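Trainee:
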Amino acid sequence: MGTTSGTSKYVAVREHLLSRIQKLEAGAQLPAEPVLCEEYGVSRITLRHAVDGLIADGHLVREHGRGTFVTEPQYRLHYRERFADEVKGFHAQQTEEGASVSTRVLGQRVTRAGEAVASHLDISSADDVVELTRLRFVNGSLHHLVVTWLPLALFPETAEVDFTDDSLYGHLHRVHGVTLARQDLLVSLATATSVHADELDVPLGSTLLTIASTVFDGDERAVAYGTSHFTPQNSEIAFGLHG
1 MGTTSGTSKY VAVREHLLSR IQKLEAGAQL PAEPVLCEEY GVSRITLRHA
51 VDGLIADGHL VREHGRGTFV TEPQYRLHYR ERFADEVKGF HAQQTEEGAS
101 VSTRVLGQRV TRAGEAVASH LDISSADDVV ELTRLRFVNG SLHHLVVTWL
151 PLALFPETAE VDFTDDSLYG HLHRVHGVTL ARQDLLVSLA TATSVHADEL
201 DVPLGSTLLT IASTVFDGDE RAVAYGTSHF TPQNSEIAFG LHG
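Going by my numbering, the sequence shown wraps up at 243, each residue one higher than the last.
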């Protein structure tokens, strides 16, 4: 399949897969990942993100150990948005808008990726990652709690860098030359756990806006995965799309 690199390749695969599965009966199984990668001439991570998008939209379901199957049409529980132009980190975005951003680092450690994080970073579940937990403040007011995971093999020094007054993505750009090219977002609602309740000062069990984000560089390499939980007063986001 002739496509260009980056977003257009992902879009082409996703659209072709959608057209393909719409002709199949519910319960039909998709070919294995290696087969589809060879068929479309794309990397595993590009194919996986195309399939993940169709899963999020309710067209497919993935069953562990069995494969990926066509499902009945259903109401959408998640909303996924992708930015095809400039991607900025939270610190840079807020600072450019004239806000003052500060950070309280709650935790910074090296740990095993585990299956969930590894699937987003396209690494082995046994690989080590840097887990960075932070509270972010805007103009002195608590804004959100974010946990970010980065591959230790790519960015080993992030296990020790003080990010209290520094931008994480600014650091990756300065030290490693990382340019953010794409950001995949999954927006959902979550119930506040005891950790969320303590750190965000909200009632246990209250509803929080949650955003899971995977950031890629220009080579379609996943450089960071994170989840952000927003305080009720900040449970609003805005998307700017360009045609």
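All C-beta atoms in this analysis are idealised placements derived from N, C-alpha and C, irrespective of residue type, glycine included.
Predicted model only: the values in this text are computed from it and were never measured.
(1) Report the residue ranges of all alpha helix (DSSP H) runs contained in full by the segment 188-234; include only those spanning at least 4 residues, in chain order.
(2) On the three-state DSSP scale, how would you describe H49?
(3) Start and end of the beta strand (DSSP E) containing E39?
(4) Note the first and the last residue of the continuous alpha helix (DSSP H) segment covering G170.
(5) First and last residue of the alpha helix (DSSP H) that includes V61?
(6) Examine the Cβ distances between the segment 126-145 and the segment 178-185 and report whether three or more of them are shorter than 8 Å.
(7) Given G67, which residues of its chain have a CB within under 6 Å of its CB, disregarding the five upstream and five downstream residues?
(8) Mind checking whether I211 and S194 have CB atoms under 7 Å apart?
(9) At the level of alpha carbons, what is the spacing between C37 and G205?
(10) Could you tell me which residues DSSP puts in a beta bridge with P151?
(11) Inspect the beta-carbon positions of A298 and V130 and report whether they are closer than 7 Å.
(12) What does the alpha-carbon distance come out to for the pair V161 and F90?
(13) For T103, count neighbouring Cβ atoms within 10 angstroms of its own Cβ and tell me buried if that reaches 16, exposed if not.
(14) Within 10 Å of its beta-carbon, does P151 have 16 or more other beta-carbons around it, so buried, or fewer, so exposed?
(15) Taking the alpha helix (DSSP H) that S119 belongs to, which residues open and close that run?
(16) With DSSP run on the structure shown, which of helix, strand or coil describes R66?
(17) Alpha carbon to alpha carbon, what distance is there between F69 and R109?
(18) Under 6 Å Cβ to Cβ from A222, same chain only, skipping five residues before and after it: list those, please.
(19) Helix, strand or coil for T111, going by three-state DSSP, please let me know.
(20) So, at 8 Å on beta carbons, what are the nonlocal neighbours of R112 in its own chain, with the 5 sequence-adjacent residues on each side left out?
Mentor: On the basis of the coordinates in this document:
(1) 194-200
(2) As a working mapping, residue 49 is identified with position 49 in the sequence shown. The answer is helix: DSSP assigns H49 an H, G or I state.
(3) Working through the sequence shown from its first residue, we reach residue 39 at position 39. That residue, E39, is in no beta strand (DSSP E); its alpha helix (DSSP H) goes E33 to Y40.
(4) Here the question's residue 170 lines up with position 170 in the sequence shown. Segment L168 to H176, the alpha helix (DSSP H) holding G170.
(5) Taking the sequence shown and counting its residues from 1, one reaches residue 61 at position 61. Element bounds for V61: not the alpha helix (DSSP H) but the beta strand (DSSP E), L60 to E63.
(6) no
(7) Here residue 67 corresponds to residue number 67 of the sequence shown, with the count starting at 1. So the list reads Q29, once near-sequence residues are dropped.
(8) If you number the sequence shown from 1, residue 211 lands on position 211. If you number the sequence shown from 1, residue 194 lands on position 194. Result no, Cβ atoms of I211 and S194 do not sit closer than 7 Å.
(9) Here residue 37 corresponds to residue number 37 of the sequence shown, with the count starting at 1. Here residue 205 corresponds to residue number 205 of the sequence shown, with the count starting at 1. Roughly 42 Å separates the two Cα atoms.
(10) Reading the sequence shown from its first residue, position 151 is the one you call residue 151. P151 pairs with V129.
(11) Since the first residue shown for the chain is 1 and the last is 243, residue 298 is missing from the structure and cannot be characterised.
(12) Here the question's residue 161 lines up with position 161 in the sequence shown. Here the question's residue 90 lines up with position 90 in the sequence shown. Their backbone Cα atoms lie some 18 Å apart in a straight line.
(13) In the sequence shown, residue 103 corresponds to position 103, counting from 1. Counting the other CB atoms within 10 Å of its CB gives T103 a total of 16 or more, which places it among the buried residues.
(14) For the purposes of this step, residue 151 is identified with residue 151 of the sequence shown, where counting begins at 1. By the neighbour-count rule (16 or more Cβ atoms within 10 Å), P151 is buried.
(15) Locating residue 119 in the sequence shown gives position 119, where the first residue counts as 1. Taken as a continuous stretch (DSSP letters only), the alpha helix (DSSP H) holding S119 covers G114 to L121.
(16) Here residue 66 refers to the residue found at position 66 when the sequence shown is read from its first residue. In this structure, R66 counts as coil in the three-state DSSP scheme.
(17) Locating residue 109 in the sequence shown gives position 109, where the first residue counts as 1. Locating residue 69 in the sequence shown gives position 69, where the first residue counts as 1. When rounded, the distance between both Cα atoms is 37 Å.
(18) Residue numbering aside, residue 222 sits at position 222 when the sequence shown is read from its first letter. Hits under 6 Å: L121, D122, T214 and F216.
(19) Translated into positions along the sequence shown, residue 111 becomes position 111. In this structure, T111 counts as strand in the three-state DSSP scheme.
(20) One-based indexing of the sequence shown puts residue 112 at position 112. Result list for R112: S125, A126, D127, D128 and V129, in chain order.
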